[in-house]
Every structure is written in C-alpha cells, then in structure tokens.
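What follows is a short report on a single structure.
In the numbering used here, the protein residues as written are 13 to 404.
Structural data, given as structure tokens:
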C-alpha cells in the first residue's frame, strides 16, 4: 500500500481538490509546476542552504535522560522548537516562499491559528521583501498576542477573521476568499497538510526534513536509523507528517499521532477530528471532519490554538484508515501536566501543541529498551499566559 499522494491527488480515499470554479485556475497553475520547481537542483540547493544558514538546521535530537528515567524507557526529543521562529513551521515557509518566487508571485497570504505559521510566513516575507497578509481568528488574536505583535513587527498585516468561533478554520476561509479575488499576483502559503491538492503534498515534502534528520541522527547516537515509536501532535498535521514521512514504509516503526480532545472526547468541547469525525469536505479536500447529522461543521475546541481545527489532513485520514498510524488523544489538562513535567525534568518549556504529543507518553506501555522519538514541534513562549493561569 502506498501512503503518499497518487497522480490524482489522493491518499487512498482522501484528498483531491474540491474547490470553487473561481479557484480552479490558481490551483491548476500550482499543480502544473510545483514538482518541476522543487525537484530542480537549483531549488534544492537554495532550500538546503537557507535551512542550514538561516533556520539553523539540523535541529538537535536530544536524549532526554530524566524523562527517560521517569517513563523507564529511552526517549529522544526532536527539537524543532530550536529552529528560527521557534517551531517546525519555518521549514515549510522557506520552501513555499522559494516556490512562490519561482512562480513570479509578489503578494503572500497565509492563515494561522497559534500564530507560529503566521510568524514563520512573516519572517520569510521580510527576508524576501514580499508583501504579507496573515488571516487569524479574532479569538486566536486575543490568546496569542505575542505572536501577533511579532508578525506586525516583521511587516505583516494581520487581518482578524470574525466568523464562526473565530479560530483557524475561519482564518482559512478568509484566506481562500482573498486568493479567489487576487489570483494573478498572490500566492497562498498554506501552513499544514490540509487544503486542495497539491498543498498536502507540498507541505509534507518540505516538512520531511524532520524524519530525514531523525534517521541519521539516531544512527550517530545509537547506531540504528529507526526508532520503535514516533510521537507527534496532530491538528492539521504538518509536524506529524514531517516526522513520519521517511518511516511510512518501515512498519517496524509505530507512528503515533496525538489529537487534542479538549475537555474530553464526549464533552462537545474537543478538536479530536479522527476520534470524533466522519468523512466530509473542508477547505478543498475530502478528509475526516467533525460535523453534525446535516453535514454542518462542528466548531472545535482546544486550549491549544494550533490544534483547534475541525478536520485533519488527508494524509492522516489515510494513515488512520489503513492502520499504518495510530491516533490517540489528550485533554487540555493532560497536555498541561505533560508540559509541566518536561519543564521540571528537562528544563524545556514546550508549546501547548507539542505538550499533547508528550501527553501521549502516559498512554502507551513501553519496554525499557524501546527507542521513542517525540517531536517537540514548538517552544512555549507564546503559551506562557495559559501555563501561568493553569499552574497546578
């Protein structure tokens, strides 16, 4: 079974490009050229050079000794929080900004939830001297104000989304409307493995640098290239897609995605799209989606703005349906407790998104000789207000 996208833009039964007619030319233009551009030697050289000299890659693979002792196994942390801008998001924005340049685009739009993708987009637009507009839910603007100010300092215009529950879904809706109205000069820089084909494939390819590095870093550290487990949080799913990518065909590696269940799976206040979702359509792709009996989207909830999305990328829908990856969930409280534990034992404050991945460690029975990699997708600076408010 293939776990990568096919020529029609599907991962198994999921994916595709279900878009308004007015958006079709934009998507067709991107689909026609993206592989030729990103597979070129010139592009690869520029991309790798910027990842090394600007982003600061490779990000460390750190053996967490005290955390390992706590769980009585061997835990390594992939430190995406140490990248420039503080998360994995910059891997993708570096790649897509180069792609936009090659396509001759001068105006960049993006959506953001926690603000990390918005900051990463604003950063690369400043680097390349391109106009940047970031759509962000009004709710998320309030709870992620440090990132809003960072985007504005970098020269981006932050536009609030005022519909729905004013979070990531609604910001994405506004960005798509903008792209329809400005097809000639605008490039939509999507932040996760969501949206119409070819976006999930583009983002996964750029984020696959994470799993590529895990392989050779593990080899250097312990003399083997494959861990027994990889854990990553899942909202839209880009950091997990990147951490899983080079291990999709290695079935000896157990792939674990951790969703945000908010106040609990059955509480009505959750963002666990796989646990609570059904097949549906959102933002241009067929995927698993939280919806009511009439097919209307159920508004998600999570303490983590970056996981507060009612759907999941088609990649993860396929990995779930095929059984290649296992998806579990963590509540707000479980994520907070996991973050406090990592901070206490290792002196690392993770993003609330990453804290959900760490919470997954409590839910699996590991053997003492297992090798576990947890993807720390972002740092916790942006979440300090929530951490302080919720201290036990």
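Beta carbons: idealized from backbone N, C-alpha and C, even for Gly. Note that this is a predicted model, so its numbers are computed, not measured.
Check	Outcome
Beta-carbon contacts of residue 95 that lie in its chain and below 8 Å, excluding the five residues immediately before and after	67, 68, 69, 71, 102, 103
Sufficient close CB pairs (3 or more, under 8 Å) joining the region 286 to 296 to the region 258 to 265	no
Entirely enclosed alpha helix (DSSP H) segments - the region 285 to 337, minimum 4 residues	285 to 288, 326 to 334
Between the CA atoms of residue 121 and residue 385 - distance to the nearest angstrom	33 Å
Collapsed DSSP secondary structure at residue 341 in the structure displayed	strand
Residue from 119, 73, 267 whose Cα sits closest to the Cα of residue 253	267
C-beta contact flag for residue 151 and residue 179 at 9 Å	yes
Validate contact between the region 378 to 395 and the region 154 to 167 using beta carbons, cut 8 Å, 3 pairs	yes
Ordered list of beta strand (DSSP E) runs contained in the region 221 to 298, each at least 3 residues	241 to 245, 266 to 274, 290 to 294
Residues near residue 349 in its chain [Cβ-Cβ closer than 8 Å; skip 5 each side]	371, 404
The region 373 to 389 touching the region 229 to 246, judged by at least three CB pairs closer than 8 Å	yes
Backbone secondary structure at residue 69 - three-state DSSP	coil
Member of 368, 143, 129 whose CA lies at the smallest distance from the CA of residue 406	Coverage of the chain is limited to positions 13 through 404, which leaves residue 406 absent and any answer about it impossible.
Simplified DSSP assignment, three categories, for residue 402	coil
Chain-order list of residues whose beta-carbon lies under 8 Å from that of residue 63 (same chain, five-residue window excluded)	69, 103, 106, 221
Alpha helix (DSSP H) segment containing residue 31, residue limits	Where residue 31 is concerned, there is no enclosing alpha helix (DSSP H), given that its DSSP letter is neither H nor E.
Beta-carbon proximity of residue 340 to residue 388, cut-off 9 Å	no
Where residue 117 falls: helix, strand or coil (DSSP)	coil
Residue 130, DSSP secondary structure in three states	helix
Nearest-angstrom beta carbon gap, residue 283 and residue 312 [assumed within contact, 8 Å]	4 Å
Residue 46, DSSP secondary structure in three states	helix
Test item: CB-CB of residue 200 and residue 187 under 9 Å	yes
Cβ-Cβ distance between residue 123 and residue 163 below 9 Å	no
Which of helix, strand or coil DSSP assigns to residue 158	helix
Opposing strand residues paired with residue 148 [DSSP bridges]	124, 172
Residues bridged to residue 86 (per DSSP)	383
Close beta carbons around residue 110, own chain, < 7 Å, minus the five adjacent residues each side	55, 58, 59
Whole-angstrom distance between residue 326 and residue 463, CA atom to CA atom	Lying outside 13 to 404, the shown extent of the chain, residue 463 is not represented and no answer is given.
Beta carbon of residue 99 nearer than 9 Å to that of residue 390	yes
Beta bridge counterpart(s) of residue 391 as assigned by DSSP	362
Distance CB(residue 208)-CB(residue 129) smaller than 9 Å	no
Element boundaries [beta strand (DSSP E), containing residue 199]	198 to 200
C-alpha distance - residue 279 paired with residue 44, whole-angstrom precision	44 Å
Buried or exposed (CB count within 10 angstroms, at least 16 for buried), residue 302	buried
Selection from 321, 197, 367, 14 that minimises the alpha carbon distance to residue 38	197
Opening and closing residue of the alpha helix (DSSP H) in which residue 58 lies	53 to 62
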